[in-house]
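*Asks:* In the UniProt record's numbering, the protein residues as written are 21 to 226. Yeah, the Cβ is synthetic: ideal placement off N, Cα and C, and Gly gets one too. Next up is a structure, given as structure tokens.
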Ligand code: MD3
Ligand code: FE
């Protein structure tokens, strides 16, 4: 099913489900090279979701701020390459949502456990906001918070289930969003863990 939540935001339930086993295999291979880690924030906190990246650019948070980098600061090596099954799925989803030219060069992987959440935020470190973000949920259901263009905008909550893909572009691209927590039920493929991958096109710093 393909559901337009608002202009530019398209929810495709179950779009990734047929490919889940291979996607999780790729995720584990990425995590062997660039382990999930709890990053520090500029505000002095620690993120409760663990993160890693693949692709030419990876997202990092530290007390010094947020940035996309070409190297994993843990290994000082390039981030793992983006596997073809991931990039192809993201491009197919973007195409189905009306973005035929989407070419991701960064994929942020998030790993949630029972005590994890992600506060309301905007994604604005990518440079070119005419490019959409494609999000894929795997495993345990996440309770997604979806707001508006301002932090004080009304927030709606809905479930993101295993295999669901969301494409955010157009006017929705800078909307506030977050993860309130996880649904109680474990998932047969991941147990109590939820994974999320977000595919992005990030402009290289010049
Ligand atoms: C709406 N991740 O990694 S995915 C993130 O489930 C992030 O891990 C959440 O927010 C997660 O930055 C939510 C859905 C999502 C991703 C990017 C968006 C929604 C978005 C960008 C703009 C608007
Ligand atoms: Fe986000």
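Which residues in the same chain as residue 125 place their Cβ atom closer than 7 angstroms to its Cβ, once the five residues preceding and following it in sequence are excluded?
*Replies:* Cβ within range, chain order: 75, 76, 77, 221 and 222.
*Asks:* Apart from the five residues on each side of it in sequence, which residues of its chain come closer than 7 angstroms, Cβ to Cβ, to residue 113?
*Replies:* For residue 113, where only same-chain residues beyond five positions count, the Cβ hits under 7 angstroms are 32, 35, 154, 185 and 187.
*Asks:* Just checking residue 141 against the ligand FE - is the residue's beta carbon closer than 7 angstroms to any of the ligand's heavy atoms?
*Replies:* Yes; taking the cut-off as 7 angstroms, the Cβ of residue 141 has a heavy atom of the ligand FE nearer than that.
*Asks:* Mapping DSSP to helix, strand and coil, what is residue 91?
*Replies:* Looking at residue 91 - three-state DSSP - the assignment turns out to be strand.
*Asks:* Assuming the contact rule is C-beta atoms closer than 8 angstroms, residue 171 and residue 140 should be a hit. Round their C-beta distance to whole Å, please.
*Replies:* Indeed they touch by this definition, with Cβ atoms about 6 angstroms apart.
*Asks:* Confirm the yes/no value for this check: CB of residue 33, any heavy atom of the ligand MD3, distance under 7 angstroms.
*Replies:* Checking the Cβ of residue 33 against the ligand MD3 gives no.
*Asks:* Relative to the C-alpha of residue 79, which residue among 143, 177 and 190 is closest?
*Replies:* Of 143, 177 and 190, the residue nearest in Cα terms is 143.
*Asks:* Does the distance between the C-beta of residue 197 and the nearest non-hydrogen atom of the ligand FE fall short of 7 angstroms?
*Replies:* Indeed, a heavy atom of the ligand FE lies less than 7 angstroms from the Cβ.
*Asks:* The ligand MD3 heavy atoms versus the CB of residue 193: any closer than 7 angstroms?
*Replies:* Checking the Cβ of residue 193 against the ligand MD3 gives yes.
*Asks:* Between 180, 27 and 57, which lies nearest to residue 72 when the distance is taken from Cα to Cα?
*Replies:* Of the candidates 180, 27 and 57, the one whose C-alpha sits nearest the C-alpha of residue 72 is 57.
*Asks:* Nearest to residue 55 by alpha carbon, out of 131, 108 and 167?
*Replies:* Checking every option, the nearest Cα to that of residue 55 belongs to 131.
*Asks:* Does the Cβ of residue 151 have 16 or more other Cβ atoms within 10 Å, making it buried, or fewer, making it exposed?
*Replies:* Buried, because 16 or more other Cβ atoms sit within 10 Å of the Cβ of residue 151.
*Asks:* Can you tell me where the beta strand (DSSP E) holding residue 216 begins and where it ends?
*Replies:* From DSSP, the beta strand (DSSP E) with residue 216 extends over 214-220.
*Asks:* Whole angstroms are fine: how far does the CA of residue 105 sit from the CA of residue 43?
*Replies:* Whole-angstrom Cα-Cα distance: 7 angstroms.
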